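**Student:** One structure is given below, represented as structure tokens, and several questions about it will come after.
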Amino acid sequence: MASPPEMCSFDAFKRFLHLCTDGAVYKVIGNCCTTENTPFLTELLNDHKGKEVLTEVLKCHTEKTSVKKDTLLFTVALCAKSTDKDIKQQAYQTFLKICNSPRELFQFLSYQKKLTENTRGWGRSLKHAVSQWYNQQTPLDLAKSVTRQISYCGWTHRDVLRLGHIKGASEATCLIFKYLVKGIEEAKKEFDKEGASEDVRKVLDYLVTVDTLKHSTDDHQVACLVEKHSFGLESIPTKLLNSKEVWRALINVIPMTTLLQYFGKLAAVGLLEASCDTSKVLVEKLQDVARLKEGRVEPLSVLLASRIYEQGKGGKPRWSRNEEVVRGLDLAFDSTIKNNMEATKKRYLVAVRVGVSKGKLTVRGTQVLSNIIAAAAMTSITLKSEEKVDVVYFTRSVTSLPVSAESKLADICDELATQIIIADNLPEPEEDKPKNDEPVFRGAPPPPCDIAAPIKWARENKKAVDVFLFLTDNRDKSTGKVPPHDALLQYRKDMDMPNTKMVTCGFTNATMRVAEQDDRGMLDIAGFDLTVPNMQEQH
58 MASPPEMCSF DAFKRFLHLC TDGAVYKVIG NCCTTENTPF LTELLNDHKG KEVLTEVLKC
118 HTEKTSVKKD TLLFTVALCA KSTDKDIKQQ AYQTFLKICN SPRELFQFLS YQKKLTENTR
178 GWGRSLKHAV SQWYNQQTPL DLAKSVTRQI SYCGWTHRDV LRLGHIKGAS EATCLIFKYL
238 VKGIEEAKKE FDKEGASEDV RKVLDYLVTV DTLKHSTDDH QVACLVEKHS FGLESIPTKL
298 LNSKEVWRAL INVIPMTTLL QYFGKLAAVG LLEASCDTSK VLVEKLQDVA RLKEGRVEPL
358 SVLLASRIYE QGKGGKPRWS RNEEVVRGLD LAFDSTIKNN MEATKKRYLV AVRVGVSKGK
418 LTVRGTQVLS NIIAAAAMTS ITLKSEEKVD VVYFTRSVTS LPVSAESKLA DICDELATQI
478 IIADNLPEPE EDKPKNDEPV FRGAPPPPCD IAAPIKWARE NKKAVDVFLF LTDNRDKSTG
538 KVPPHDALLQ YRKDMDMPNT KMVTCGFTNA TMRVAEQDDR GMLDIAGFDL TVPNMQEQH
């Protein structure tokens with residue numbers, strides 16, 4: 058049989074950057090970066106490959122691939138602990154290039170702390186790098202950044218400035234540090250004086266405005282400040298996040314992806330009612346192809362907003378349905394697939410088996426989506442973004458589904474629902490029935506879910522497939538007699554396609570056991586969220 062591609066330490070490292078694991082399973086919930094999970098990184102550093110590791114990190118960052126930023130930061134933090142002075146220096150230079158926000162700074166420092174053993178205080182290199190991070194920004198940009206992201210991972214700017222003994226490179230930066238450590242009154246007392254520089258005056262005015270916003274209880278005042286200074290959602294006092302006037306101002310400021318995340322809130326405050334002019338503005342935004350593309354809006358972001366709008370909290374909407382909004386969301390879903398998803402130019406076989414998990418009807422990681430809708434969404438995304446796609450439903454046998462790139466999401470859901478009914482009424486095969494000498498009451502057999510069946514079907518029908526994409530809510534192993542990996546190896550051999558890959562997405566799973574650990578052409582995805590389409594595409 059065709060041998061699976063072998064995985065070396067550097068391959069494992071690149072897989073880790075994308076999946077937060079070097080193994081065969083990407084977990085939507087539960088992945089974490091630790092030295093115990095990354096022995097390949099330690100091996101590469103011990104083999105003096107630190108330079109190549111950091112070059113790969115910077116490459117992934119600059120090319121804006123769908124790597125997880127946390128894995129980049131962890132890798133750099135580990136390299137920064139190297140005893141090789143050149144690697145340590147390169148690591149901190151890389152940190153300054155990839156760390157773009159306070160959240161990322163705090164995450165990096167969190168990893169540094171976890172990787173540090175029996176060390177008191179910060180080293181000189183870390184202090185210098187963090188000082189550079191603050192001081193390389195213009196004072197006004199720094200003021201905006203640090204007041205929008207105040208804390209993360211147990212860190213605050215006050216902690217960082219104190220532990221790093223960070224000093225401002227300019228008077229305006231010193232003003233910001235004083236505000237972060239002592240508050241606005243102390244900052245004004247020291248820097249609000251006659252003859253202050255223009256930079257100091259601009260920064261102080263901005264900080265005073267931020268402080269006013271932070272303590273305001275007047276929704277009209279906050280709305281005006283948002284309109285004037287383009288404050289984002291993170292700057293709004295929590296108690297005013299139910300204000301219709303504040304949200305009306307935010308709509309023109311915050312990114313489209315954020316708007317979609319808060320679609321339920323927009324509906325709850327009444328901004329999506331047919332009688333509200335703001336609903337028309339939002340519908341226009343949903344139909345603006347250029348805006349959706351520029352904002353890199355994911356199709357699943359639109360779908361989640363649609364499901365939240367349709368279902369409301371607990372499945373009971375507190376608002377009346379606006380058909381124009383529903384239509385706008387449907388158009389945005391199709392638009393983002395067509396314009397925002399890059400085709401891989403691969404030949405796909407999408408194999409669906411949902412309806413197995415009767416007690417778990419929603420996906421792990423995105424509770425608002427049912428297993429059927431998640432499967433239909435992934436099928437629709439693949440059909441509309443790729444040129445050559447076959448779609449089948451499988452149990453112990455395989456049925457080709459009459460869906461295409463023109464099929465609506467609702468139509469695909471209907472097809473899957475029909476197949477689930479058929480699957481539920483399948484007769485038990487003769488070989489599974491109790492024999493004469495077996496007890497009758499031995500428990501119901503598991504629902505049929507033979508993951509090898511679509512692979513055998515493709516081989517028998519001479520279907521050229523580059524990627525097998527399995528979508529299932531089966532929480533147990535494949536029920537077939539042939540292991541999926543053996544079926545894939547046989548397919549690769551008989552079709553002379555050694556690079557054929559296989560991705561299995563288990564919507565309800567906390568972990569998976571389908572992919573072979575050492576076959577880098579196989580990937581399991583446990584759970585389902587916005588990251589999954591890009592994960593399977595990158596694989």
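Per the numbering used here, the very first residue in the sequence shown carries number 58; after that it's consecutive.
Beta carbons: idealized from backbone N, C-alpha and C, even for Gly.
Please read these numbers as outputs of a predicted model, since none were measured by experiment.
How about the region 192-207 and the region 229-244: do they share at least three Cβ pairs that are nearer than 8 angstroms?
**Tutor:** yes
**Student:** For a test of the three-state rule: what should DSSP assign to N299, helix, strand or coil?
**Tutor:** Numbered from its first residue, the sequence shown carries residue 299 at position 242. N299: coil per DSSP, three-state reduction.
**Student:** With 16 other CB atoms within 10 Å as the buried threshold, where does I429 fall?
**Tutor:** In the sequence shown, residue 429 corresponds to position 372, counting from 1. When all chains shown are included, I429 counts as buried.
**Student:** Can you check the region 348-380 for any beta strand (DSSP E) of at least 3 residues that lies completely inside it and give the ranges in chain order?
**Tutor:** none
**Student:** Cβ atoms of K235 and E243: under 9 angstroms apart, would you say?
**Tutor:** Taking the first residue of the sequence shown as position 1, residue 243 is located at position 186. Taking the first residue of the sequence shown as position 1, residue 235 is located at position 178. E243 is a Cβ neighbour of K235, given a cutoff of 9 angstroms.
**Student:** Determine the DSSP secondary structure at W514, reduced to helix, strand or coil.
**Tutor:** On the sequence shown, position 457 is the one that residue 514 refers to. Three-state result, W514: helix.
**Student:** What residues are listed by DSSP as bridge partners for D447?
**Tutor:** If you number the sequence shown from 1, residue 447 lands on position 390. According to DSSP, D447 bridges with L406.
**Student:** With contact counted as at least three CB pairs below 8 angstroms, one residue from each stretch, are the region 504-518 and the region 537-553 in contact?
**Tutor:** Touching, yes.
**Student:** Leaving out five residues before and five after A408 in sequence, what residues of the same chain have Cβ atoms less than 6 angstroms from its Cβ?
**Tutor:** What you label residue 408 is simply residue 351 of the sequence shown in a count that begins at 1. So the list reads V449, F451, P511, F527, once near-sequence residues are dropped.
**Student:** Can you check DSSP and say which residues form a bridge with C77?
**Tutor:** If you number the sequence shown from 1, residue 77 lands on position 20. Residue pairing by DSSP places C77 in no beta bridge whatsoever.
**Student:** Answer yes if the region 154-161 comes into contact with the region 101-111, meaning at least three C-beta pairs across the two stretches below 8 angstroms, and no otherwise.
**Tutor:** The region 101-111 is not in contact with the region 154-161.
**Student:** Could you give the first and the last residue of the continuous beta strand (DSSP E) run that contains C562?
**Tutor:** Looking up residue 562 in the sequence shown gives position 505. 558-563 is the span of the beta strand (DSSP E), which, as asked, contains C562.
**Student:** Quick check on the burial criterion: 16 or more other C-beta atoms within 10 angstroms. Buried or exposed for R499?
**Tutor:** Translated into the one-based positions of the sequence shown, residue 499 becomes position 442. Note on R499: pLDDT 48, under 50, position unreliable in the model; no value is reported.
**Student:** Is the closest heavy atom of the ligand COA to the C-beta of S123 under 8 angstroms?
**Tutor:** In the structure shown, the ligand COA is absent, as is every other ligand, since no ligand is present at all.
**Student:** Assign Q194 to one of three DSSP states: helix, strand, or coil.
**Tutor:** Your numbering for residue 194 matches position 137 in the sequence shown. In the structure shown, Q194 sits in coil (DSSP, three-state: anything other than H, G, I, E or B).
**Student:** Looking at E443: is its Cβ nearer than 9 angstroms to the Cβ of A400?
**Tutor:** The residue given as residue 443 occupies position 386 in the sequence shown. The residue given as residue 400 occupies position 343 in the sequence shown. Against a cut-off of 9 angstroms, the Cβ pair of A400 and E443 comes out as a contact.
**Student:** Hey, is the region 390-399 in contact with the region 551-558, meaning 3+ C-beta pairs nearer than 8 angstroms?
**Tutor:** no
**Student:** Here's the rule: buried if 16 or more other CB atoms are within 10 angstroms of the residue's CB, otherwise exposed. What is G221?
**Tutor:** As a position in the sequence shown, residue 221 is number 164, starting the count at 1. Looking at its Cβ environment, which holds 16 or more other Cβ atoms inside 10 Å, G221 is buried.
**Student:** Indicate the three-state DSSP secondary structure (helix, strand or coil) for D479 in the structure shown.
**Tutor:** One-based indexing of the sequence shown puts residue 479 at position 422. Looking at the sequence shown, residue 479 is not Asp but Ile. Residue state, collapsed to three classes: helix.
**Student:** Identify the continuous alpha helix (DSSP H) that holds V110 and give its terminal residues.
**Tutor:** Within the sequence shown, numbered from 1, the residue matching residue 110 stands at position 53. Element bounds for V110: 107-119.
**Student:** Using the Cα positions of K224 and Y209, report the straight-line distance between them to the nearest angstrom.
**Tutor:** Taking the first residue of the sequence shown as 1, we reach residue 224 at position 167. Taking the first residue of the sequence shown as 1, we reach residue 209 at position 152. Using only the alpha carbons, I get a separation of about 22 angstroms.
**Student:** Are the Cβ atoms of T561 and M552 separated by less than 9 angstroms?
**Tutor:** The sequence position of residue 561 within the sequence shown is 504, counting from 1. The sequence position of residue 552 within the sequence shown is 495, counting from 1. Against a cut-off of 9 angstroms, the Cβ pair of M552 and T561 comes out as no contact.
**Student:** Which residues does DSSP list as the beta-bridge partners of W212?
**Tutor:** For the purposes of this step, residue 212 is taken as the residue at position 155 of the sequence shown. Answer is Y209.
**Student:** By Cβ distance, which residues of its chain are closer than 7 angstroms to S66, with the 5 residues on each side in sequence left out?
**Tutor:** Taking the sequence shown and counting its residues from 1, the one referred to as residue 66 is at position 9. Once the five neighbours on either side are set aside, the close Cβ partners of S66 are F97, E100, L101.
**Student:** Could you tell me if H214 is buried or exposed, where buried requires 16 or more neighbouring beta carbons within 10 angstroms of its beta carbon?
**Tutor:** As a working mapping, residue 214 is identified with position 157 in the sequence shown. Classification of H214: buried, given that the 10 Å Cβ count is 16 or more.
**Student:** Can you tell me whether G582 is helix, strand or coil according to DSSP?
**Tutor:** For the purposes of this step, residue 582 is taken as the residue at position 525 of the sequence shown. Residue identity differs from the one stated: residue 582 is Ile in this sequence, not Gly. Note: I582 maps to strand in three-state DSSP.
**Student:** For D141, collect the residues of the same chain with a Cβ closer than 7 angstroms to its Cβ; drop the 5 residues on either side in sequence, then sort them by chain order.
**Tutor:** Your numbering for residue 141 matches position 84 in the sequence shown. Same-chain partners within the cutoff: G107.
**Student:** In this structure, what does DSSP give as the bridge partners for L671?
**Tutor:** Examination of residue 671 is not possible in this model, given that the chain is present from 58 through 596 alone.
**Student:** Starting from Y83, follow its DSSP beta bridges and name the residues at the other end.
**Tutor:** Locating residue 83 in the sequence shown gives position 26, where the first residue counts as 1. BP columns for Y83 point to I582.
**Student:** Determine the DSSP secondary structure at F498, reduced to helix, strand or coil.
**Tutor:** Taking the first residue of the sequence shown as 1, we reach residue 498 at position 441. In this predicted model, F498 has a pLDDT of only 44, less than 50, meaning its place in the structure is not dependable; the value taken from the coordinates is given anyway. Three-state result, F498: coil.
**Student:** Decide if the region 322-334 is in contact with the region 374-382; the criterion is three or more beta carbon pairs, one per stretch, under 8 angstroms apart.
**Tutor:** yes
**Student:** Would DSSP call T274 helix, strand or coil?
**Tutor:** Here the question's residue 274 lines up with position 217 in the sequence shown. Coil at T274, not helix or strand.
**Student:** Give me, in chain order, the residues of the same chain whose beta-carbon lies closer than 7 angstroms to that of K145; leave out the 5 immediate sequence neighbours on both sides.
**Tutor:** One-based indexing of the sequence shown puts residue 145 at position 88. Cβ neighbours of K145 beyond the five flanking positions: A137, S139, S182.
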